[in-house]
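*Asks:*
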Amino acid sequence: MPEVMVLPELTATPIAGSDPGLAEALAAAHLPTEDLADPGREFFVFSDASGAICGFGGYELPGGQALIRSMVVPETARGRGIGSAILAALLDKVTAAGAREAWLFTKHAAPFFSHRGFRARARYEVPPPVLATKQASSVCPITAVVMSRPLPL
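When the count follows full-length UniProt numbering, it moves up by one through the sequence shown with no breaks and lands on 153 for the last residue.
1) Using the Cβ count rule (16 or more neighbours within 10 Å means buried), how would you classify Tyr124?
2) Would residue 155 and Ala120 qualify as a contact pair, given that the criterion is a beta-carbon distance under 8 Å?
3) Work out the CA separation of Ser114 and Gly79 for me, nearest whole Å.
4) Exposed or buried, which one is Pro14 when buried takes at least 16 other CB atoms within 10 Å?
5) Skipping 5 residues on each side, what residues in its chain have a beta carbon closer than 6 Å to that of Gly17?
6) Please go through the same chain and pick out, in chain order, the residues whose beta-carbon is closer than 6 Å to the beta-carbon of Ala12, but skip the five residues on each side of it.
7) So if DSSP puts residue 198 in a beta bridge, which residue, or which two residues, is it bridged to?
8) Can you look up Phe113 in the DSSP assignment and give me helix, strand or coil?
9) Can you tell me whether Ala66 is buried or exposed? The criterion is at least 16 other CB atoms within 10 Å of its CB, across all chains shown.
Quick look at the structure:
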């Protein structure tokens with residue numbers, strides 16, 4: 001029988017893409033920061049019940065598709081379900097916004113996302129509005145793994 005993981009309860013607070021904490025956390029994890037302040041992105045800082053910052057994440061909605069991006073949990077906070085809780089919160093937000101499929105590009109976290117319902121896809125399968133984003137066209141390297149998963153109706 002698979003182990004049931006209880007996700008920590010986190011508070012998502014909207015932040016600007018120019019928030020220095022977001023850029024610092026992404027840079028510390030060797031993730032891109034080039035287009036954070038561009039319009040059309042939504043970012044959040046996630047904190048626990050004590051108010052301690054547990055991570056960051058965001059998305060954009062190109063052409064009604066969801067592009068999950070800039071998700072980061074500090075190394076010291078990993079292994080406690082925080083990344084899963086952040087991803088669940090982001091997927092809830094994009095589903096509520098009307099997206100029916102979530103996409104992402106990753107260099108190092110494919111196993112994490114695979115265990116959460118995402119599957120690797122070929123670049124030719126990516127919808128044109130997602131491919132046209134700066135994230136897909138210039139920020140993420142061509143070697144990044146493209147992944148997607150359907151969202152609930």
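Using N, Cα and C, we set each Cβ at its ideal position, and we do this for glycine too.
*Replies:* The relevant details are as follows:
1) The residue labelled residue 124 in the question sits at position 124 within the sequence shown. It is exposed - the Cβ of Tyr124 has fewer than 16 other Cβ atoms within 10 Å.
2) Residue 155 lies beyond the range of the chain shown here (1 to 153); nothing can be said about it.
3) In the sequence shown, residue 79 corresponds to position 79, counting from 1. In the sequence shown, residue 114 corresponds to position 114, counting from 1. Distance between the alpha carbons of Gly79 and Ser114 is about 16 Å.
4) If you number the sequence shown from 1, residue 14 lands on position 14. Answer is exposed; the Cβ neighbour count stays below 16.
5) The count along the sequence shown starts at 1 and reaches residue 17 at position 17. Contacts found: Leu36, Ala37, Arg41 and Phe43.
6) Walking along the sequence shown from the start, residue 12 turns up at place 12. Contacts found: Phe44, Phe46 and Ala89.
7) No information on residue 198 is available, as it lies outside the stretch 1 to 153 that the chain covers here.
8) Stepping through the sequence shown from its first residue, residue 113 is reached at position 113. Three-state DSSP puts Phe113 in a helix.
9) For the purposes of this step, residue 66 is taken as residue 66 along the sequence shown, with counting starting at 1. Buried, by the Cβ-count rule.
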